[in-house]
Structure formats: structure tokens, C-alpha cells
Ligand SMILES: NC(=O)c1ccc[n+]([C@@H]2O[C@H](COP(=O)([O-])OP(=O)(O)OC[C@H]3O[C@@H](n4cnc5c(N)ncnc54)[C@H](OP(=O)(O)O)[C@@H]3O)[C@@H](O)[C@H]2O)c1
């Protein structure tokens, strides 16, 4: 079974558009980007297009590539205090001279629609998330919508980054999976991945996961965004070979990526609703 993230994101965005229209709210998302990285600029444009589609207003703050940490903190501080802004997204990665951890911590937790603030990660760890990071939350939506059981399943997460691997593992744990996390120091990752009913790869290496690492019938979720030897976009998983062995699999493109954006829209609407009900979270 192909887990079609593009189709599912279309459905979720349409549902969200209707819900926002009925709510009478006009949520607004601010994006902050520093520098000229083409991939980052593309992601921000895609997020702004999704905003337009569902009825979320978007404000783009563009800072030069030599912006200091102070300059970014100042922009974030202004957005924190702006009553017309519900969500703030700082596009990562930031240029090297900027202290990304300080910037992430500067975003008001109630506007942190990316879910990277320690306060939101702590809530996730405690089992009561408000905003979970969009990529892993979008993957949970894929599993839920396709009826893939997590309770009691053995899930293996490859990667332990703050934006994907760690929150992914916690979301799966919160959904009653038994979770193993692999990283670059894991000895013989295939020993772990072969036990996985649900295998999530967020490593960032083309064709890293081959069929010899996959248990027959497993659900394989490919988070990677890489380029193959011909310069074509691909994930971490050798899709053609693994497809034969997996029970369900996400393609790249058209799997996890579109769901990340749809989840950002959902988080922004959640922020608007929470602020409308209770401005102090
Ligand atoms: N589709 C989307 O919406 C979306 C969103 C975010 C990211 N991505 C993509 O997902 C991939 C991962 O992103 P990220 O931000 O999590 O990357 P990252 O911060 O570079 O993390 C990569 C992780 O992979 C681990 N790793 C490296 N080599 C490994 C190995 N041989 N075996 C097991 N684990 C290994 C690293 O371990 P250590 O911690 O030990 O170094 C690290 O935890 C990238 O391709 C990125 O572009 C896609």
C-alpha cells in the first residue's frame, strides 16, 4: 500500500479551510527567514501558498544572510508582541553566525507552531502536547488515517534530531508503541530495523534503507529529502526495492513532505483558537 501524503494533505487542507471559514477566525502566521538558501526560500513559499489556500494570513520577514542573532531576536520579539500574529515559524537552518537555540527559545511558546520550543517539547514528553513538531505530527496523521495500529507495535525511529527523530519517538510512545531510536552510533542498525512493525527513517542519506533492513509487511515511513546520483529528489529508502517487501510505504516526493505543511496549517489554527479562548496559555 502506498501511503499517499499528497492526497491526504489535500483532504486535510480542504477540511481545515472549511473549519477556519466556519470559525470566523482569521489566523495569521509569520515566517522569518534569514539568508538566501534556495531550499529554505522554496519551503517558505510553499507554506505561504498553503496559508492562502486555507484562509490563514501570512506575513514574511526576510533578513539578510549576515543578520546577527540580535537582529533575529528583535524580529521574533516584535512578532511575539504583535496581537495580530498567532503563529511564528523561523525557517531552519539559520546561517551559521546565528545562535539557533536562542532564537528557538525566544519564540513565545503559545505562538511556537513548529513545536521546537523546550516548553512545547516538554509538554510533548509529558504526554500532553499543545504543538508537536509538524513532520512527526504529520506522520502520526498518516498512520491514523491509514488505520496503521501503533498500540503494541514495535516502532524503530532512525535519527534523533530535535525536529524529527526525538519528537517522532515520543509521539509513537504516547500512542502506545514500543519504541527504539537508532542514530549514528548505533551498532548494526539492521538488527533493530528488522524488528520494526513501523520503521521511520529520518537520516538524510539516499538509499540508506534497503530491503535487507525491512521486516516483511512492515510500514515504512521515509522522511529523508536527498538527491540521487542523477540529481533526482529521493528519500532515505530505496523505494523500488523496499516497496516489494513493505506492507505500506510513503513515497518521496508525495509522502511526508506535504503532510508537514498541512500540519503546520493545523497548528496555526490551533494557536489562533487557543489565543481566541485564552490569550495566556
Ligand atoms: N519531509 C519533511 O517534511 C522533512 C522535514 C524535516 C527533515 N526532513 C529530512 O529528513 C532527513 C533528516 O532530517 P533531520 O533534520 O532529522 O536531520 P539531522 O539533524 O541531520 O539528523 C539526522 C539523524 O540521522 C542520524 N544518523 C546519521 N547516520 C546514521 C546512521 N548511519 N544510522 C542511524 N542514524 C544515523 C544522526 O545521528 P546522530 O545524532 O548520532 O548524528 C541524526 O540523529 C533529512 O533528509 C531532512 O532533509 C524532511
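Residue numbers (our numbering): -11 to 269.
All C-beta atoms in this analysis are idealised placements derived from N, C-alpha and C, irrespective of residue type, glycine included.
Check                                                                                                               : Outcome
Reduced DSSP category for residue 176 - H, G, I as helix; E, B as strand; rest coil                                 : coil
Sequence-distant residues of the same chain with beta carbon closer than 8 Å to residue 82, five excluded per side  : 22, 23, 60, 88 and 91
Boundaries (first-last residue) of the beta strand (DSSP E) holding residue 187                                     : 186 to 189
Cβ neighbours of residue 18 in the same chain (closer than 6 Å, five flanking residues each side left out)          : 47, 67, 73 and 76
Residue of 184, 192 and 211 minimising C-alpha distance to residue 199                                              : 184
At least three beta-carbon pairs within less than 8 Å, the stretch 94 to 107 to the stretch 137 to 149              : no
CA-to-CA distance, residue 222 to residue 216, given in whole angstroms                                             : 6 Å
Validate contact between the stretch 118 to 126 and the stretch 150 to 168 using beta carbons, cut 8 Å, 3 pairs     : yes
Endpoints, the alpha helix (DSSP H) within which residue 256 is located                                             : 244 to 265
From 245, 204, 250 and 213, residue whose alpha carbon lies closest to that of residue 229                          : 204
Rounded distance between the beta-carbons of residue 186 and residue 207, thought under 8 Å                         : 5 Å
Continuous alpha helix (DSSP H) assignments of at least 4 residues falling wholly in the stretch 111 to 166         : 122 to 133 and 153 to 162
Inter-residue Cα distance where the pair is residue 27 and residue 240                                              : 16 Å
Residue 48 - containing alpha helix (DSSP H), residue span                                                          : Looking at the DSSP string, residue 48 is not in any alpha helix (DSSP H); the run it does join, the beta strand (DSSP E), is 45 to 51.
Any 3 or more C-beta pairs closer than 8 Å across the stretch 128 to 138 and the stretch 174 to 183                 : no
Residue 226 CB to nearest heavy atom of ligand 1 below 7 Å                                                          : no
Any non-hydrogen atom of ligand 1 within 7 Å of residue 177 CB                                                      : yes
Beta-bridge partners of residue 57, as assigned by DSSP                                                             : DSSP output for residue 57 lists no bridge partner at all.
C-beta contact flag for residue 190 and residue 146 at 8 Å                                                          : yes
Status (buried if at least 16 other CB within 10 Å, exposed otherwise) for residue 3                                : exposed
Near ligand 1: residue 174 beta-carbon under 7 Å from a heavy atom                                                  : yes
Residue 211 beta carbon near ligand 1 (any heavy atom closer than 7 Å)                                              : yes
Per-residue DSSP class, three states only, for residue 208                                                          : strand
C-beta atoms of residue 224 and residue 214 nearer than 8 Å                                                         : yes
Buried or exposed (CB count within 10 angstroms, at least 16 for buried), residue 39                                : buried
Residue -11 and residue 130 closer than 8 Å at C-beta                                                               : no
Other residues of its chain near residue 49: CB distance less than 8 Å, five sequence neighbours each side excluded : 18, 19, 20, 21, 63 and 67
Distance, residue 31 Cα to residue 151 Cα                                                                           : 15 Å
Alpha-carbon to alpha-carbon, residue 78 and residue -6                                                             : 24 Å
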